[in-house]
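Residue numbers (this note's numbering): 57 to 484.
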């Protein structure tokens, strides 16, 4: 639910006139998607490719870009307004007459009031599956005045990472039930707002099996987004390999079997796996390194699926990139994404050179340094994720000043009612 003005700069945008939409209600779906003040939503002016995704580029190179991009504010639409640059340009000197002076002062605020949606259309990175058909726009009613849907354009939004297996979506907080299961309500709001697909992230063998089951049991009538999932072990939980009664080899074999079972269906990536040196109290560095490389060689390579990578701290980024470079021949053509990235520009570009996309969520926009990194990333390498129910933007984050969304929240989970959002779950 971020509105980041001027943070990213897509390389190409269609100039066809589209209806002006308000996207504030995207925040009401229960996932911290990027939303904002009234905007004009415009798709890239390109046909679907053979894999079902979308491709685009500058007028000369036509390099692939994400499917949906939020363009200029409606005040600027159709008037030949330019893209926002990465840095604010100084306002021109005022003219002699005060009406012109007022126009000059207000123009930057109008033109730069924008937010980009950079999404995977049809999971173009994660195995290139076709994008699902657009679902119906939200009906009139409470919040209808703020609602805006990508469905009107036929280009669904893709959330590349959400922890839908988290107990919070079952109404459980710190092991105690606080309210009834609300995952169906969250998914229905997501579909109504134009989210066409969500990738459910798994962090263990048990979660991989649960994710596959959730994806297969999800409604396919358009009331929910299409659910796809990952198979892999989170770095902080790599101790499970050695704690497995039958040993690490048997654990890896079971993971591979789960991935092969879902490879022709909902399983589209290997992960969430990688390195996390920020929380070594959960798993030592040596164990993480050992089983990241084993998962890369013995799980990802046989499955031939893209990677959904976890990386925390600069040292971990260096080690992660070194291992990936060592095994670059094993990586698929579209290697995947480094999710929830909050590192340096140098680390990000090292991953980009290997072909990886950079996943951006609230954790990626905590500090001014984070914002400067995101501004300088290639637009075609940025993908958006929620990491729900985590990684929102707090009031103390540098990115908070760009938040434009507002919706009905409840402060305490036990006071939850239908269609309300637990504030701490979705925004903190």
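Glycine is no exception: its CB is placed at the ideal position from the N, C-alpha and C atoms.
Bear in mind that the values here come from a model prediction, so they are computed numbers and not experimental data.
Distance, residue j Cα to residue i Cα
| i | j | result |
| --- | --- | --- |
| residue 441 | residue 306 | 32 Å |
| residue 279 | residue 254 | 13 Å |
| residue 316 | residue 329 | 17 Å |
| residue 415 | residue 394 | 6 Å |
| residue 407 | residue 323 | 23 Å |
| residue 457 | residue 418 | 12 Å |
| residue 397 | residue 467 | 28 Å |
| residue 432 | residue 299 | 43 Å |
| residue 368 | residue 345 | 13 Å |
| residue 301 | residue 452 | 44 Å |
| residue 287 | residue 355 | 9 Å |
| residue 450 | residue 388 | 36 Å |
| residue 236 | residue 227 | 5 Å |
| residue 370 | residue 357 | 26 Å |
| residue 373 | residue 341 | 13 Å |
| residue 215 | residue 303 | 35 Å |
| residue 261 | residue 211 | 33 Å |
Three-state secondary structure (DSSP) of residue i
| i | result |
| --- | --- |
| residue 447 | coil |
| residue 262 | helix |
| residue 380 | helix |
| residue 361 | coil |
| residue 466 | strand |
| residue 366 | strand |
| residue 353 | helix |
| residue 453 | coil |
Neighbour-count burial assignment, residue i, 16 or more Cβ in a 10 Å radius
| i | result |
| --- | --- |
| residue 402 | exposed |
| residue 384 | exposed |
| residue 337 | exposed |
| residue 378 | exposed |
| residue 244 | buried |
| residue 436 | buried |
Beta-carbon proximity of residue i to residue j, cut-off 8 Å
| i | j | result |
| --- | --- | --- |
| residue 311 | residue 248 | no |
| residue 376 | residue 359 | no |
| residue 281 | residue 252 | yes |
| residue 256 | residue 285 | yes |
| residue 325 | residue 363 | yes |
| residue 339 | residue 291 | yes |
Closer than 7 Å: residue i CB and nearest the ligand HEM heavy atom
| i | result |
| --- | --- |
| residue 426 | For the structure depicted, the ligand HEM is absent and the ligand set is empty, with no information on it obtainable. |
task: Can you check the stretch 270 to 349 for any alpha helix (DSSP H) of at least 4 residues that lies completely inside it and give the ranges in chain order?
output: 295 to 299, 304 to 318
- prompt: Quick one: complete beta strand (DSSP E) runs, 3+ long, within the stretch 211 to 260?
  reply: 213 to 218, 251 to 256
Beta strand (DSSP E) runs wholly inside the stretch 385 to 442, at least 3 long, in chain order: 392 to 394, 413 to 416, 438 to 440
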